[in-house]
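See below for the structure under consideration.
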Amino acid sequence: MKDTVIVNLSNRHIHLSQQDLETLFGKGYQLKKIKDLLQPGQFAAEECVKLVGPKGEFPKVRILGPTRNQTQCEIMYSDAFILGIEPPAVKESGDLQGSSPMTIIGPKGKVELKEGLIIAKRHIHLDPKTADEMGLKDKQIVSVEVGIEGRKTIYKDVVIRVKDSFLPECHLDFDEGSAASIKNGDIIKVIK
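This is how it looks when you write it as structure tokens:
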């Protein structure tokens with residue numbers, strides 16, 4: 205259908221800069237890919253790091269590759285309570301100004317950052333052709349209808365991201381997926 209897209213759920217994860225990767229894993233370290241993600245060039249790495257908060261920690265936060273210009277960690281709203289922090293700002297990936305601080309521990313070192321911890325804004329990746337067919341534009345805000353019968357939910361404030369290299373895919377986090385009883389690979393409806 206013209207107004208539908210596949211959804212995949214994101215667990216907490218981290219994108220590291222090369223400099224921070226080397227601080228955590230050693231000089232010249234390169235990530236080891238274990239699984240390609242749907243978006244071209246993106247992958248889940250074998251490596252995990254520990255994310256530490258004032259009251260709790262997550263000992264195995266998956267690293268996603270490739271490395272980025274700036275380290276960014278995406279958590280779910282419920283994760284903030286376990287870490288013992290105020291929930292960080294809801295932001296688009298890469299928009300880290302004013303985001304929360306974090307402490308990351310790897311096998312060879314520790315990184316303490318003043319910013320980089322976010323709750324990712326709901327978003328849909330689209331290539332230009334699909335976006336045009338759906339009547340959508342980059343940065344447009346839409347809603348999505350998700351869930352099974354008896355648990356249907358409408359999520360608002362979903363940002364459209366259009367780029368030549370993207371494949372059609374909606375990203376929600378596990379908190380959002382659990383609330384609506386959805387799973388990876390489900391088809392959701394886009395509402396303009």
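Going letter by letter, the sequence shown gives residues 205 to 396 in the working numbering. Glycine residues also receive a C-beta, built at the ideal position from the N, C-alpha and C atoms.
Using the beta-carbon count (16 or more within 10 Å), is residue i buried or exposed?
i: R355; result: exposed
i: Q276; result: buried
i: E380; result: buried
i: I392; result: buried
i: K318; result: exposed
i: D377; result: buried
i: V394; result: buried
i: F229; result: buried
i: I308; result: buried
i: G245; result: exposed
i: G257; result: buried
i: P292; result: buried
Judging by CA-CA distance, which residue of the options is the nearest neighbour of residue i?
i: R266; options: T208, L242, K318 and G310; result: G310
i: I345; options: E353, H329, I352 and G351; result: H329
i: D368; options: Q274, D331 and I391; result: D331
i: K206; options: L340, G389, G313 and A383; result: L340
i: V348; options: S303, D390 and P291; result: D390
i: K312; options: L213, V209, N212 and E226; result: E226
Expressed to the nearest angstrom, what Euclidean distance is found between the alpha-carbon atoms of residue i and residue j?
i: H375; j: D224; result: 26 Å
i: P263; j: R216; result: 11 Å
i: E250; j: K237; result: 6 Å
i: L255; j: K387; result: 25 Å
i: K343; j: I322; result: 19 Å
i: S297; j: F370; result: 15 Å
i: Y233; j: D240; result: 19 Å
i: V407; j: A383; result: Outside the displayed range of the chain (205 to 396) lies residue 407, so it cannot be described from this structure.
i: C252; j: L220; result: 11 Å
i: K295; j: S303; result: 8 Å
What are the residues that DSSP puts in a beta bridge with residue i?
i: K393; result: T208 and E349
i: S221; result: R272
i: K254; result: I309
i: Y359; result: V348
i: F262; result: L255
i: A249; result: K237
Quick test of the definition: if touching needs 3 or more C-beta pairs under 8 Å, does the stretch 275-285 touch the stretch 354-371?
no
Quick check: the stretch 363-381 against the stretch 330-337, are at least 3 beta-carbon pairs closer than 8 Å?
yes
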